[in-house]
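Number of protein chains: 2
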Amino acid sequence: MEECGTIFIKKQGARQVKYVIIGSGSIGMLLSSYLAQQTNSLLLATHRNIQANQIEQKGLHLVHTDKITKVQHVRTSSCSALLKNNLTDIETIDVMIIAVKSHQVKQVLEDLKGIEHKVASILFLQNGMGHTEMFHDISIPEVAVGVVEHGAMRTNDWTVYHTGVGRLRWSYVQAGKKVIETAFSPLRLNEFPILQEKNWIPLLHSKLIVNACVNPLTALLMVKNGQLLENKYYLNMMSQVFDEACTVLETSEKDQMWEYVRDVCQKTSSNSSSMLLDFEKKRKTEIDSILGYLLRQAANKKIHAPIIAYLHDAIKGKEVEFREGEVES
Amino acid sequence: MEECGTIFIKKQGARQVKYVIIGSGSIGMLLSSYLAQQTNSLLLATHRNIQANQIEQKGLHLVHTDKITKVQHVRTSSCSALLKNNLTDIETIDVMIIAVKSHQVKQVLEDLKGIEHKVASILFLQNGMGHTEMFHDISIPEVAVGVVEHGAMRTNDWTVYHTGVGRLRWSYVQAGKKVIETAFSPLRLNEFPILQEKNWIPLLHSKLIVNACVNPLTALLMVKNGQLLENKYYLNMMSQVFDEACTVLETSEKDQMWEYVRDVCQKTSSNSSSMLLDFEKKRKTEIDSILGYLLRQAANKKIHAPIIAYLHDAIKGKEVEFREGEVES
Numbered sequence: 026m027e028e029c030g031t032i033f034i035k036k037q038g039a040r041q042v043k044y045v046i047i048g049s050g051s052i053g054m055l056l057s058s059y060l061a062q063q064t065n066s067l068l069l070a071t072h073r074n075i076q077a078n079q080i081e082q083k084g085l086h087l088v089h090t091d092k093i094t095k096v097q098h099v100r101t102s103s104c105s106a107l108l109k110n111n112l113t114d115i116e117t118i119d120v121m122i123i124a125v126k127s128h129q130v131k132q133v134l135e136d137l138k139g140i141e142h143k144v145a146s147i148l149f150l151q152n153g154m155g156h157t158e159m160f161h162d163i164s165i166p167e168v169a170v171g172v173v174e175h176g177a178m179r180t181n182d183w184t185v186y187h188t189g190v191g192r193l194r195w196s197y198v199q200a201g202k203k204v205i206e207t208a209f210s211p212l213r214l215n216e217f218p219i220l221q222e223k224n225w226i227p228l229l230h231s232k233l234i235v236n237a238c239v240n241p242l243t244a245l246l247m248v249k250n251g252q253l254l255e256n257k258y259y260l261n262m263m264s265q266v267f268d269e270a271c272t273v274l275e276t277s278e279k280d281q282m283w284e285y286v287r288d289v290c291q292k293t294s295s296n297s298s299s300m301l302l303d304f305e306k307k308r309k310t311e312i313d314s315i316l317g318y319l320l321r322q323a324a325n326k327k328i329h330a331p332i333i334a335y336l337h338d339a340i341k342g343k344e345v346e347f348r349e350g351e352v353e354s
Numbered sequence: 026m027e028e029c030g031t032i033f034i035k036k037q038g039a040r041q042v043k044y045v046i047i048g049s050g051s052i053g054m055l056l057s058s059y060l061a062q063q064t065n066s067l068l069l070a071t072h073r074n075i076q077a078n079q080i081e082q083k084g085l086h087l088v089h090t091d092k093i094t095k096v097q098h099v100r101t102s103s104c105s106a107l108l109k110n111n112l113t114d115i116e117t118i119d120v121m122i123i124a125v126k127s128h129q130v131k132q133v134l135e136d137l138k139g140i141e142h143k144v145a146s147i148l149f150l151q152n153g154m155g156h157t158e159m160f161h162d163i164s165i166p167e168v169a170v171g172v173v174e175h176g177a178m179r180t181n182d183w184t185v186y187h188t189g190v191g192r193l194r195w196s197y198v199q200a201g202k203k204v205i206e207t208a209f210s211p212l213r214l215n216e217f218p219i220l221q222e223k224n225w226i227p228l229l230h231s232k233l234i235v236n237a238c239v240n241p242l243t244a245l246l247m248v249k250n251g252q253l254l255e256n257k258y259y260l261n262m263m264s265q266v267f268d269e270a271c272t273v274l275e276t277s278e279k280d281q282m283w284e285y286v287r288d289v290c291q292k293t294s295s296n297s298s299s300m301l302l303d304f305e306k307k308r309k310t311e312i313d314s315i316l317g318y319l320l321r322q323a324a325n326k327k328i329h330a331p332i333i334a335y336l337h338d339a340i341k342g343k344e345v346e347f348r349e350g351e352v353e354s
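Next comes the structure, spelled out in structure tokens:
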């Protein structure tokens, strides 16, 4: 299973786009489930060997509106086998999709150095914008970013629930030979619509603002997303984060953006944010890529963002607590 | 037991100072335990009838350094019997000590109207400074405030643990006939030292700043007091509250005050703050008298205090959640 040289099924008629998805959390699994329905050249790279084995043995299970689909054509590999061993017999990858958490991107990019020349294009799907600060160091000619608006929940190593249909919106940072556009255009995935946007910065900014408004507060206050709208004090707290984030990012059309933030809260009102889930599992959050990114931008632009700094300290402090807990146990 | 006219034992030799303590939480019980060792004219007024009955039947139990003292001479009454019934046969009260939570002071003062003329002096022992905003409405000629630096824990209706020896520091707001000074001067309570201070405002300010720094953050972050020193992010959060509080209160000798805050945190490092306990029991906190007071002062003085306002929203929001929980249950 870790012999990556044999991962792609030989050509049968029309040439298949070769996808590699790095990261097998809920988003990596969801994306693999849908893309594999249109290609038989997809490899899902997992962090843990055991998950790769499980998916290989049982198949990847997608649950959506009470229907279970056992998805064919998903090959697996552990990330380490794929990225670190610098396999000489690996075929060229058309589209590599990075679906790991933002704080794992740095390591992935380092590991990727060895096979970069075999990768035609790369698409990043992180929360926040911390990963965009590393783009200068990538030598792959085609780079894109995307935001996933779906609800997904991974229930075990081989099963993912599609809990809410949204869109995958993506945009080029540098278009290269437009391999991604060519790959995505013919796809017909009714329950997983893919939409190309013109400009990557506003695309990421809007998601960043939502993440900045919703994630840290829901984690700190231990509430579902909808509570930020229903509780007038929490709404006030959120609106102050929003104001500072818009100032830092020099957001135009602020009223429209505030509507968008409220709308996302409303539509996901009974959801726990990813950062709240991280808190519940006492694990590292994506705070560095969300509020941390905003604070670095604020420092560059000499903008004062006291509330964001305060909230950032609260989340970083909790992470320190979690780490201390680990040492003790 | 609710016949308050008979609560004071008849004179036997020297005249006894007649104390009434309103509020039978940990502080009210602790104070009663020690004062009753020097007088047999002490009445403890409880919120609940059942607690008054329990203390009457079992005696008030004080636990200190593994020694249990069953305190004699503590009479009880429910607050409602004492304050609301406007008893005509009640004797004059020398010192009335208000040991209820800050948000209960308003109600006590309203109920007190009926017997105010029988009260020679009144001493307030609240956290924060919200209660000081009601002083203009009191017609009792002698008014004082105090801060309790002891550790105390009420384990049941008739038992209080003295978990840490500190001091009761108090000061006159208006000195009247100095009944309190005359009452306290001869007391010899080694484990409950009572210290008179010259100026009431700095006395309350120093306690207010400690409460503002420690209570809301420990509640929100759900940590013991010591964590605010040990976790560098939390320490940073606390120092920002401190800075704003000092600005609002126009505190001189800020360095010395910061030392005091850190010292209190250190000495109570393994304690849960009263606000954290309120959170754990999902009950109303003293936020209005602590950060709320600071915000009202800030508004009067046109001072910007964004961090205090933010933290205030977080605690108020939690209180709303608790109240909603009550309705549901």
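Just so you know, the sequences run in chain order A and B.
To convert, note that position 21 of the first sequence is 46 in the working numbering; the numbers rise steadily by one, no gaps.
To convert, note that position 122 of the second sequence is 147 in the working numbering; the numbers rise steadily by one, no gaps.
By construction, the Cβ of each residue, glycine as well, lies at the ideal position given by its N, Cα and C atoms.
Keep in mind it's a predicted model, so treat the numbers as computed, not measured.
query: For Thr298 of chain A, which residues from the same chain have a beta carbon less than 7 Å from its beta carbon, with the 5 sequence-adjacent residues on both sides left out?; result: Here the sequence assigns Ser to residue 298 of chain A, which means Thr is not the residue at that position. Answer for Ser298 of chain A: Val239, Asn240, Thr243, Ala244, Asn250, listed in chain order.
query: Distance cutoff 8 Å, beta carbons only. Does Val345 of chain B sit that close to anything in chain A?; result: yes
query: Taking any Cβ of chain B, which residues in the stretch 312 to 343 of chain A have a Cβ under 9 Å from it, in chain order?; result: Pro331, Ile332, Ala334, Tyr335, Leu336, His337, Asp338, Ala339, Ile340, Lys341, Gly342, Lys343
query: Considering Cα atoms alone, identify which of B:Ile226, B:Lys138, B:Arg179, B:Asp136 is closest to Glu158 of chain B.; result: B:Ile226
query: Taking CB distances under 8 Å as the criterion, tell me whether Met262 of chain B reaches chain A.; result: yes
query: My guess is that Leu212 of chain B and Arg192 of chain B are in contact by the Cβ rule of under 8 Å, so how many angstroms apart are they, rounded?; result: Rounded, the Cβ-Cβ distance is 13 Å, inconsistent with contact.
query: To the nearest angstrom, how far is it from the Cα of Asp182 of chain A to the Cα of Gly317 of chain B?; result: 49 Å
query: Indicate the three-state DSSP secondary structure (helix, strand or coil) for Leu66 of chain B in the structure shown.; result: Looking at the sequence shown, residue 66 of chain B is not Leu but Ser. Coil, per DSSP.
query: At 7 Å on the CB atoms, spell out the chain A contacts of Tyr259 of chain B, in chain order.; result: Gly342
query: Quick one: which chain A residues come within Cβ less than 9 Å of Leu246 of chain B?; result: Leu245, Ala339, Gly342, Lys343, Glu346
query: Using only the alpha-carbon positions, how far apart do Leu108 of chain B and Val133 of chain B sit?; result: 8 Å
query: At the level of alpha carbons, what is the spacing between Met282 of chain A and Leu320 of chain A?; result: 20 Å
query: What three-state label does DSSP hand Ser57 of chain A in the structure shown?; result: helix
query: Return the bridge partner residues of Gly189 of chain B from the DSSP annotation.; result: B:Gly176
query: For His156 of chain B, which residues of its own chain have a beta-carbon under 7 Å away from its beta-carbon, when the five flanking residues on both sides are left out?; result: Ser127, Val130, Phe149, Ser314
query: Where do the N-terminal and C-terminal ends of the alpha helix (DSSP H) with Thr94 of chain A fall, by residue?; result: Run containing Thr94 of chain A: none in the alpha helix (DSSP H); it sits in the beta strand (DSSP E), 92 to 96.
query: Sort B:Gln82, B:Ile234, B:Lys202 by Cα distance to Val273 of chain B and report the nearest one.; result: B:Ile234
query: Within 8 Å of any Cβ in chain B, is that where the Cβ of Asn256 of chain A sits?; result: yes
query: Please report the residue range of the beta strand (DSSP E) in which Thr101 of chain A lies.; result: 99 to 103
query: Considering only the alpha carbon of each residue, which of B:Gln265, B:Asp280, B:Ser164 lies closest to Ile140 of chain B?; result: B:Ser164
query: Once the 5 residues before and after Val13 of chain A are set aside, which same chain residues still bring their CB inside 8 Å of it?; result: What the structure shows of chain A is the stretch from 26 to 354, and residue 13 of chain A is not part of that stretch, so it cannot be assessed.
query: Go to His142 of chain B, then tell me how far its alpha helix (DSSP H) extends in each direction, as first and last residue.; result: Neither: His142 of chain B is in no alpha helix (DSSP H) and is coded neither H nor E.
query: Could you name the residues of the same chain whose beta carbon sits closer than 6 Å to that of Lys43 of chain A, not counting the 5 residues immediately before and after it, in chain order?; result: Phe33, Ser66, Ile118, Asp119
query: DSSP three-state call for Leu150 of chain B: helix, strand or coil?; result: coil
query: Roughly how many angstroms lie between the CA atoms of Val198 of chain B and Glu305 of chain B, to the nearest whole one?; result: 34 Å
query: Looking at C-beta atoms only, is the number of pairs between the stretch 164 to 175 of chain B and the stretch 75 to 92 of chain B that lie closer than 8 Å three or more?; result: no
query: Apply the 10 Å Cβ neighbour rule to Gln76 of chain B and answer buried if 16 or more other Cβ atoms are within range, or exposed otherwise.; result: buried
query: Spell out the partners DSSP gives Val45 of chain A in its beta bridges.; result: A:Leu68, A:Met121
query: Arg179 of chain A and Ser51 of chain A look like a contact to me (Cβ under 8 Å); what is the Cβ gap, rounded to whole Å?; result: 4 Å
query: Going by DSSP in three states, Ile165 of chain B sits in which element: helix, strand or coil?; result: coil
query: Between A:Leu302, A:Glu349, A:Ala270, which lies nearest to Ala324 of chain A when the distance is taken from Cα to Cα?; result: A:Ala270
query: Would you be able to state if there are at least three C-beta pairs under 8 Å between the stretch 338 to 349 of chain A and the stretch 54 to 72 of chain B?; result: no
query: Can you tell which of A:Lys202, A:Asn261, A:Leu254 has its C-alpha closest to the C-alpha of Asp288 of chain A?; result: A:Leu254
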